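131 is the number of the first residue of the sequence shown in the numbering used here; add one for each residue after it. Note that beta-carbon positions come from the ideal geometry of N, C-alpha and C, so glycine has one too. Small disclaimer: the values here were computed from a predicted structure and weren't measured.
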Amino acid sequence: MELRGKPTLVVGLGESGLAMVRWLAREGARLRVADTRQAPPQVDLLRAMLPEAELFAGPLQRETLAGIELIALSPGVPVAEPLIAEAMARGVPVVSEIELFVRGLRRLSPQARLIAITGSNGKTTTTALTGALCRAAGRDTAVAGNIGPAALTALLAGVDRGRLPDTWVLELSSFQLETTYSLEADAATVLNVSEDHLDRYGGSMARYAASKARILLGRATAVLNRDDPLSLAALPPGRTAVTFGFGPPPGSTDYGVEEGWIVRGSERLIATTDLRLVGRHNVANAMAALALCEAIGIDPRQPLPALAAFSGLAHRLEWVAEIRGVGYYDDSKGTNVGATLAAVEGLGRPVAIILGGDGKGQDFSPLRPVIIRHARAVALIGRDAGAIAAILHGCQLPVRHCADMAEAVHWCASQAQAGDAVLLSPACASMDMYRDYAHRASVFVDAVRGIEREAA
């Protein structure tokens, strides 16, 4: 795609949008920038970086798209936005930051290996872990995408220093994949598919799953979860996959768990008890990471010490404290039902759990049997507390609506017994009460520290 002189509209001025502006300016495109917010948060940075760029703030207007020959769409802006859909119907190409990244990478570094990772849950941890394993195997590795930094930011950094990494590990969301057409990863995975972001997809799981499956378009070695039917269903017709899952592997190149060991075929690789990662779901993430590394030529035995040492990421079933025999865990990144199910089942101990926030149109009913089986008590917060309470009706557990996080943490602490866990894993987004999931986590940790001081 020739970008020099092309009238191009960048929609959205978040991290991805700003990265696209920098890249497109470098490539010589004639830039126009639009953001549906009246006061875009990074407008001063845009002005300093590219003072000549036209900026349109507020709801998209037809005149904003006049004369535009390419639209670079930030992941937070749906293709269903009426004027975007209208432009697509007229034949105006609409591309993602990842599409621009892939085209740039293949031109600048055609021999680079590319691993792409998506899934409803675990993709950030698996991306970070895969990057760590690649580095342990001696690869010059960049980790980017949804995990941060933006893929184009990482590519520009490599260009600026005059050396591009030989291996790229990208975390990709369904939003990023919607307008990515040329990914052609060397290895790719759909870790799992459970309800999330259904408000973006008109309530359709099929549309959401199809967006995830786009990661396998092209030549990628597919690494799929044989315990998840929607992961397996992502495989294009006529293709084969390397699989991972619990139980014996079906083939010599598949991964599984037998007698407490992660195995490849019949070969034992590492005992699950040697992992610092917490939870059954992280054993699955570890298998996926090993399979992805093998798909780009890394012997899976080589990075096993790095796998054993990897302790996970912040806000993903992160241990906070042990107070009077009760463990406190921050899983604020558990923003959908599937993530919370994995956290509750992965801890392997009774939980007093904090649930609630913005449910994004999810069905909460899968929580009920797992909560009944594993929970000591349930504290509810946020916008969709009532919807969660409805699916727990009659479950014979203490359930309390709490006004804020501090009340929820203190009440859960009062319900928990020695050997239990107090778990923040809300199954919801945070924006109804907090800036983001990290802010929600910090409020949780502050409340835990207060209990810690009281117990001292």
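How would you label residue i, buried or exposed, when you count the other beta carbons within 10 angstroms and need 16 or more for buried?
i, result
"residue 179", "exposed"
"residue 480", "buried"
"residue 358", "buried"
"residue 547", "exposed"
"residue 468", "buried"
"residue 175", "exposed"
"residue 526", "exposed"
"residue 502", "exposed"
"residue 382", "exposed"
"residue 514", "buried"
Ignore the nearest five residues each way along the sequence and tell me which others in residue i's own chain have a CB closer than 6 Å to its CB.
i, result
"residue 248", "302, 320, 342, 345"
"residue 477", "551"
"residue 315", "244, 246, 350"
"residue 143", "165, 170, 172"
"residue 373", "354, 356, 384"
"residue 194", "164, 186"
By the three-class DSSP mapping on this structure, what secondary structure does residue i have?
i, result
"residue 397", "strand"
"residue 540", "helix"
"residue 321", "coil"
"residue 507", "strand"
"residue 376", "coil"
"residue 465", "coil"
"residue 583", "helix"
"residue 165", "strand"
"residue 254", "helix"
"residue 485", "strand"
"residue 422", "helix"
"residue 477", "helix"
"residue 501", "helix"
"residue 140", "strand"
"residue 387", "strand"
"residue 243", "strand"
Comparing the C-beta of residue i with each C-beta of chain B, is any distance below 8 Å?
i, result
"residue 171", "The chain labelled as chain B is not found in the depicted structure, where only one protein chain is given."
Leaving out the 5 sequence neighbours to the left and right, which residues in its chain are closer than 7 Å to residue i when beta-carbon positions are compared?
i, result
"residue 472", "251, 409, 411"
"residue 149", "227, 280, 282, 283"
Leaving out five residues before and five after residue i in sequence, what residues of the same chain have Cβ atoms less than 8 Å from its Cβ?
i, result
"residue 278", "145"
"residue 135", "158, 159, 160"
"residue 255", "407, 412, 415, 442, 443, 446"
Taking 7 Å as the cut-off, is the C-beta of residue i nearer than that to any heavy atom in the ligand MN?
i, result
"residue 341", "You won't find the ligand MN in this model; it holds no ligand whatsoever."
Please determine if the stretch 438–454 and the stretch 569–584 are in contact, where contact requires at least 3 C-beta pairs separated by less than 8 Å.
With a cut-off of 8 Å, the stretch 569–584 and the stretch 438–454 count as touching, because enough Cβ pairs lie within range.
Report the residue ranges of all alpha helix (DSSP H) runs contained in full by the stretch 425–459; include only those spanning at least 4 residues, in chain order.
Look at the stretch 425–459 and you find these whole runs of alpha helix (DSSP H), each 4 residues long or longer: 434–439.
Cβ contact check for the stretch 547–555 and the stretch 476–496: 3 or more pairs under 8 Å
Because the criterion of three Cβ pairs below 8 Å is met, the stretch 547–555 and the stretch 476–496 touch.
Any alpha helix (DSSP H) of 4 or more consecutive residues that is wholly inside the stretch 290–370:
Inside the stretch 290–370, DSSP marks whole alpha helix (DSSP H) runs of 4 or more residues at positions 304–308, 335–343, 359–362, from first to last along the chain.
If we require 4 or more residues per run, which alpha helix (DSSP H) segments fall completely within the stretch 518–568?
Taken in chain order, the unbroken stretches of alpha helix (DSSP H) that lie wholly in the stretch 518–568 and span 4 residues or more are 535–545.
Considering only residues of the stretch 145–231, which uninterrupted alpha helix (DSSP H) runs meet the minimum length of 4 residues and lie entirely inside it, listed in chain order?
The stretch 145–231 contains these whole alpha helix (DSSP H) runs: 145–156, 173–179, 212–219.
Flag this pair as touching only if the stretch 520–537 and the stretch 492–502 have three or more C-beta atom pairs under 8 Å; answer yes or no.
Short answer: they touch.
Could you tell me whether the stretch 419–438 touches the stretch 265–273, using the rule of 3 or more Cβ pairs below 8 Å?
Yes: the two stretches touch, three or more of their Cβ pairs being nearer than 8 Å.
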